[in-house]
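One structure is given here, and the rest of the page talks about it.
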Amino acid sequence: MSKCKGYATPAAKAQLGPWEFQRREPREHDVAIEIKYCGICHSDIHQTRDEWSEYQEEAIFPMVPGHEIAGIVTAVGKNVTKYRIGDKVGVGCFVDSCRTCPECKQGLEQYCTVGTIWTYNARDKEGVPTYGGYSERIVADENYVLRMPENLPLDACAPLLCAGITLYSPLKHWGAGPGKKVAIVGLGGLGHMGVKLAHALGAEVSVLSHSLKKQADGKRLGADHFYATSDAETFTKLAGHFDLIINTVSALVDWKQYLDLLGVDGTMVVVGLPEKDIPIAAFSLTAGRRSLAGSQIGGIRETQEMLDFCSKHKIACDVEVVPIQKVNEAYERVLKSDVRYRFVIDMASLK
Ligand code: NAP
Ligand code: ZN
Ligand code: ZN
């Protein structure tokens, strides 16, 4: 074990501040990574405030958040074959899984039935708490490490590891492409990647945002249409219109309103994770044989496919790079939807 500097929250809803903890030395199959950048996902805010306590095991504090981790390999274990010192790599939302259940075997490690080992606020196979990317280094098994695009800036690619894959996976799974009308609800970190990716996949893309404030950005990111959900007419005008809606909203919203925007056989995929249940009426689904679905990040194989797709199409995130000392301020700005469109921490500021 050796000392690692990071930022942690000591208890639920407390401010983040400097904290030192221990990381393991690289084992035979491990890669040690110097973290250069880490994105700030809205999930980091939910987790450090313990907003998901109804849905998951007891949170572990102090908590070092961060699961959009991009950096450089500094050491490899003796049996590592995929990476070398100096490679540009990433770690996303999980660092291990059982590797033997049917889901793991299919590359769906994020749905491991034994238990996905999340990058932070979890325990590894030895029962040691995992600590995330708001820190100087991380050690992970090479099979859970991703290769980052060579042709794109590393800071702008870090959020692909959660925001990117969380939208890519459902867009692919539900067939977003030419001839499909896709709506992205909420133009935040996830939503802005949804627009870029759905556009690159060839779909007709609409954004449904609180207001028209981000309209020019939406169009620049690749949206064909942009609507304000504060305008009641949006919901009458677009009734029955979409094949696929991806809902990224982090707060409680009335899902019925959005389900009514689906055409026959349309699907709304929920990826936003509000802290409370949202009731819906059976009628919202029976009318039009509609589906309500959910999706959670993506497996390692699909995440690599997404990174390669982004490299090919030159897609990265729109980021605002901040020093780690500004993390608490950044959280407040995310909560006010005042970020264009993802904060990324420059880990050099930790030194
Ligand atoms: P974000 O950057 O804060 O974006 C969320 C967007 O939702 C905001 O930009 C805003 O868009 C909209 N919004 C926020 N509050 C709203 C309200 N009260 N009413 C209506 N719209 C509202 O967050 P993010 O990082 O993209 O994450 C979004 C959600 O997805 C979070 O709950 C996060 O935990 C979850 N998440 C899920 C997965 C998964 O695997 N399923 C992965 C990562 C994150 P407009 O300003 O355009 O209205
Ligand atoms: Zn995330
Ligand atoms: Zn498994």
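Quick note, my numbering runs 1078 ahead of the 1-based positions in the sequence shown.
Just so it is clear, CB atoms sit at the ideal spot from N, CA and C, and this is done for glycine as well.
Bear in mind that the values here come from a model prediction, so they are computed numbers and not experimental data.
Q. Just checking, does the segment 1256 to 1264 make contact with the segment 1188 to 1208 on the three C-beta pairs under 8 Å criterion?
A. no
Q. Within the present structure, is the beta-carbon of I1173 separated from the nearest heavy atom of ligand 3 by less than 7 Å?
A. Rather than Ile, the amino acid found at residue 1173 in this sequence is Val. Not so, every heavy atom of ligand 3 lies at least 7 Å from the Cβ.
(Q) By the three-class DSSP mapping on this structure, what secondary structure does V1400 have? (A) strand
Q: Would you please state the rounded distance, in angstroms, between the beta carbons of V1349 and S1373? I believe it to be under 8 Å.
A: 6 Å
Q) Is L1265 near ligand 1, going by C-beta to nearest heavy atom under 7 Å? A) yes
Q | Span of the alpha helix (DSSP H), counted from its first residue to its last, around Y1246 | A | 1241 to 1251
Q) If you follow the beta strand (DSSP E) that W1097 is part of, which residue opens it and which one closes it? A) 1095 to 1101
Q. Taking all protein chains shown into account, do 16 or more other C-beta atoms lie within 10 angstroms of the C-beta of F1320, making it buried, or fewer, making it exposed?
A. buried
Q) Do C1171 and C1240 have their C-beta atoms closer together than 8 Å? A) yes
Q. Once you ignore the five residues that flank P1180 on each side, which residues in its own chain have a CB closer than 8 Å to its CB?
A. T1191
Q: Between the Cα of N1199 and those of Y1115, R1105, R1127, P1237, spot the shortest distance and give me the residue it belongs to.
A: R1127
Q.
Can you give me the C-alpha to C-alpha distance between R1101 and N1221, rounded to a whole angstrom?
A. 18 Å
Q: Find out if the Cβ-Cβ distance for the pair A1086, I1147 is shorter than 8 Å.
A: no
Q) Thinking C-alpha only, which one of F1099, S1287, G1185 is nearest V1206? A) F1099
(Q) I need the boundaries of the alpha helix (DSSP H) containing A1234, first residue and last residue. (A) 1232 to 1235
(Q) Less than 8 Å between the beta carbons of G1377 and G1185, yes or no? (A) yes
Q.
Among the candidates H1277, T1307, G1296, H1303, whose CA atom is the shortest distance from the CA of S1289?
A. T1307
Q) Which residues does DSSP pair with D1219 in a beta bridge? A) D1108
Q. Among the residues of its own chain, which have a CB less than 8 Å from the CB of R1411, if the five just before and after it don't count?
A. V1417, F1421
Q) Between G1149 and T1208, what straight-line distance do the alpha-carbon atoms span, to the nearest angstrom? A) 18 Å
**Q.** Rounded C-alpha distance that separates Q1382 from V1331
**A.** 32 Å
Q) If you draw a straight line from the alpha carbon of P1227 to that of L1340, how long is it in whole angstroms? A) 35 Å
Q) When every heavy atom of ligand 2 is checked, does at least one fall within less than 7 Å of the C-beta of H1145? A) yes
Q) Quick one: is the Cβ of S1121 within less than 7 Å of any heavy atom of ligand 5? A) Looking at this structure, you won't find ligand 5 anywhere; what it does contain is ligand 1, ligand 2 and ligand 3.
Q) Cα separation between A1278 and G1144? A) 27 Å
Q: Keeping to the same chain, check which residues put their C-beta closer than 6 Å to that of K1292; ignore five residues upstream and five downstream.
A: L1265
Q. For T1326 versus V1397, is the C-beta distance shorter than 8 Å?
A. no
Q: Quick one: using the 10 Å Cβ neighbour count with 16 as the cut-off for buried, is S1213 buried or exposed?
A: buried
Q.
Please determine whether the Cβ atom of V1331 lies at a distance below 7 Å from any heavy atom of ligand 1.
A. yes
**Q.** Bridge partner(s) assigned by DSSP for G1149
**A.** I1113, V1167
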